[in-house]
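Chemist: Here you go, one structure.
Protein chains in written order, with the working numbering: chain A, 264 to 652; chain B, 8 to 166.
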């Protein structure tokens with residue numbers, strides 16, 4: 264019988280393009296300490312430590328080994344996961360499986376990316392093999408440029424809709440003390456006149472490269488009662504892999520393929536008796552590398568019919584004050600410490616469910632939320648969180 | 008952001024940087040045909056009867072062994088999507104920044120189920136259109152470096 268598991272502590276660093284003041288290990292420590300403080304635990308209470316980082320992005324080998332003193336993993340079991348964009352969710356899923364199965368009682372997960380070292384876009388480009396794709400790959404941005412083109416073709420959404428998503432993200436970011444980009448955007452014109460990156464994407468349409476870390480502590484039900492009176496329960500997690508579509512990683516302009524997001528959502532909703540996610544779930548923190556992708560994601564996670572994601576934006580439904588908030592934290596468009604990005608999504612959902620998000624707390628009461636991650640050739644992780652089970 | 012636009016300096020590397028990489032049974036057959044005969048070949052899946060692209064031992068649609076029904080593929084197609092980069096991007100395979108880049112297009116290859124992402128010769132953005140007809144331009148000498156080496160780009164054609 265699987266044991267119930269809850270999140271009892273979260274901690275994150277502020278996110279920034281450059282952190283010359285700290286090493287990678289110090290950055291991780293900066294997230295681990297507030298997570299422990301949040302749970303009122305000490306490292307001696309923790310059974311295992313799972314670390315997440317895309318080490319090829321920084322170009323160093325086995326960072327989890329060099330930072331055991333800083334992550335708290337010294338003389339404890341655990342491992343590192345590097346699964347691309349989903350890294351920060353994969354560590355929580357694996358920790359959840361272990362605690363749920365009764366292997367450990369309390370696990371700390373810590374993820375980070377320090378993008379002022381190395382070259383993430385270069386590393387992503389190098390994910391193509393010398394035998395196929397060499398000279399073709401252009402980091403993540405090339406794939407999301409194609410995604411935007413496909414979305415425009417099928418949905419009829421305009422550049423203004425994408426820009427509205429970006430303005431929404433910035434509104435949240437400006438109210439979030441941890442955000443990297445706080446641009447103070449006033450209108451969609453500022454996005455539409457920003458520098459072109461890769462057609463049709465402009466500078467403000469795409470996520471930044473951030474340095475940052477995030478840590479989460481989970482515990483089994485028996486321990487939870489001793490630790491906190493504000494647990495956030497992990498109702499379920501799911502991970503779905505996908506191969507590259509026939510003409511790209513994140514888009515399908517033929518509109519015939521099924522997306523990993525749809526499959527993940529379908530399965531996790533069914534397993535948890537959710538028939539109408541819009542009514543039965545209150546909000547989400549999703550992994551949206553571009554403003555165009557966020558609109559597609561609304562559809563794939565079942566918040567609205569296909570090709571109508573932009574209508575949610577137009578009506579302001581996904582704003583902090585809206586009927587169904589998405590990424591009140593400012594999302595990935597505002598802060599993107601890649602390995603930690605999904606962990607931040609989960610931690611932000613936890614703050615919203617506890618009612619402790621401060622200035623970017625959603626207007627509506629958040630009882631149930633989901634956090635998602637996206638990576639590789641459109642892989643999806645999804646974590647369903649609840650105030651009570 | 009700097010006030011003055013940055014000037015990118017082009018540095019030419021002359022030292023060879025060889026590496027070994029096994030392309031595998033199926034890709035190797037395509038590459039041999041490219042090198043020796045300027046021909047595009049792939050396998051038709053024995054289950055779904057559709058072209059597998061790039062040629063692979065396992066069909067991405069069926070997740071089953073694709074078999075050995077090798078067929079020639081047209082080097083002409085129609086542009087269905089195109090993008091171009093407006094900033095220099097580092098290419099780790101080449102060890103340099105790509106500053107004068109060709110646009111990239113998703114090309115619907117004639118008489119096939121193949122969508123192929125490849126470079127376009129046309130750098131004038133005002134002349135790029137979806138639906139334009141293109142044909143592969145082969146490297147005349149020194150072929151054998153894989154498909155992205157042997158085919159320079161796709162050229163706009165009038166029909």
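Ideal Cβ positions, reconstructed from N, Cα and C, are used throughout, including at glycine.
For residue 244 of chain A, which beta-bridge partners are listed by DSSP?
Modeler: Residue 244 of chain A lies beyond the residue range present for chain A, which begins at 264 and ends at 652; the question has no answer from this structure.
Chemist: Below 8 Å on C-beta distance, what does residue 405 of chain A contact in chain B?
Modeler: What residue 405 of chain A touches in chain B: 90, 92, 111.
Chemist: Could you tell me which residues DSSP puts in a beta bridge with residue 459 of chain A?
Modeler: Its beta-bridge partners are A/465.
Chemist: Please check the pair residue 497 of chain A and residue 268 of chain A, which I expect to be a contact at CB under 8 Å, by giving their CB distance rounded to whole angstroms.
Modeler: The Cβ separation is near 5 Å, so the contact holds.
Chemist: Can you give the Cα-Cα distance for residue 27 of chain B and residue 395 of chain A, rounded to whole angstroms?
Modeler: Whole-angstrom Cα-Cα distance: 14 Å.
Chemist: Report all residues from its chain with a CB closer than 6 Å to the CB of residue 629 of chain A; omit the five preceding and five following residues, and keep chain order.
Modeler: Taken in chain order, the residues that qualify are 545, 546, 615, 616.
Chemist: Between A/568, A/510, A/333, which has its C-alpha nearest residue 641 of chain A's C-alpha?
Modeler: The candidate whose alpha carbon is nearest that of residue 641 of chain A is A/510.
Chemist: Can you tell me whether DSSP reads residue 384 of chain A as helix, strand or coil?
Modeler: It is helical.
Chemist: Starting from residue 429 of chain A, trace the beta strand (DSSP E) both ways and give me its first and last residue.
Modeler: Premise fails: residue 429 of chain A lies in the alpha helix (DSSP H), 422 to 437, not in any beta strand (DSSP E).
Chemist: Determine whether the Cβ of residue 98 of chain B lies closer than 8 Å to any Cβ atom of chain A.
Modeler: Residue 98 of chain B counts as touching chain A.
Chemist: Cβ atoms of residue 459 of chain A and residue 412 of chain A: under 8 Å apart, would you say?
Modeler: It is not a contact, given that the beta carbons lie outside the stated cut-off.
Chemist: Would residue 443 of chain A and residue 471 of chain A qualify as a contact pair, given that the criterion is a beta-carbon distance under 8 Å?
Modeler: Yes; because the gap between Cβ atoms is below 8 Å, this pair is in contact.
Chemist: Alpha carbon to alpha carbon, how far is residue 561 of chain A from residue 79 of chain B? Give it in angstroms, no decimals.
Modeler: Using only the alpha carbons, I get a separation of about 41 Å.
Chemist: Which residues of the region 445 to 477 of chain A have a Cβ closer than 8 Å to any Cβ of chain B? Give them in chain order.
Modeler: Cβ contacts with chain B come from 458, 459, 460, 461, 462, 463.
Chemist: With a CB to CB cut of under 6 Å and the five nearest residues on each side skipped, what residues in its chain are close to residue 591 of chain A?
Modeler: Closer than 6 Å at Cβ, skipping near neighbours: 435, 583, 623, 625.
Chemist: Between the region 378 to 393 of chain A and chain B, which residues of the former have a C-beta closer than 9 Å to a C-beta of the latter?
Modeler: Hits within the stretch, in order: 382, 384, 385, 386, 388, 389, 391, 392, 393.
Chemist: Should residue 76 of chain B go down as buried or exposed, given a rule of 16 or more other Cβ atoms within 10 Å for buried?
Modeler: The residue in question, residue 76 of chain B, is exposed, as its Cβ has fewer than 16 Cβ neighbours within 10 Å.
Chemist: Whole angstroms is fine: what's the gap from residue 128 of chain B's alpha carbon to residue 161 of chain B's?
Modeler: Whole-angstrom Cα-Cα distance: 6 Å.
Chemist: Thinking residue 610 of chain A and residue 477 of chain A are a contact (beta carbons under 8 Å), I'd like their distance in whole angstroms, please.
Modeler: Right, their Cβ atoms sit about 5 Å apart.
Chemist: Would you say residue 45 of chain B and residue 123 of chain B are within 8 Å of each other, going by their C-beta atoms?
Modeler: Cβ distance not < 8 Å, so residue 45 of chain B and residue 123 of chain B don't count as in contact.
Chemist: Spell out whether any CB of chain B is found under 8 Å from the CB atom of residue 320 of chain A.
Modeler: No, no contact with chain B.
Chemist: What does residue 408 of chain A reach in chain B if we use C-beta pairs closer than 8 Å?
Modeler: Under the 8 Å cutoff, chain B gives 90.
Chemist: Does chain B have any CB closer than 8 Å to the CB of residue 509 of chain A?
Modeler: Yes, because at least one Cβ of chain B sits closer than 8 Å to the Cβ of residue 509 of chain A.
Chemist: Does any residue of chain A bring its CB to less than 8 Å from the CB of residue 145 of chain B?
Modeler: No - not a single Cβ of chain A is within 8 Å of the one on residue 145 of chain B.
Chemist: Mark residue 287 of chain A as exposed unless 16 or more other C-beta atoms lie within 10 angstroms of its C-beta, in which case mark it buried.
Modeler: Buried is the call here.
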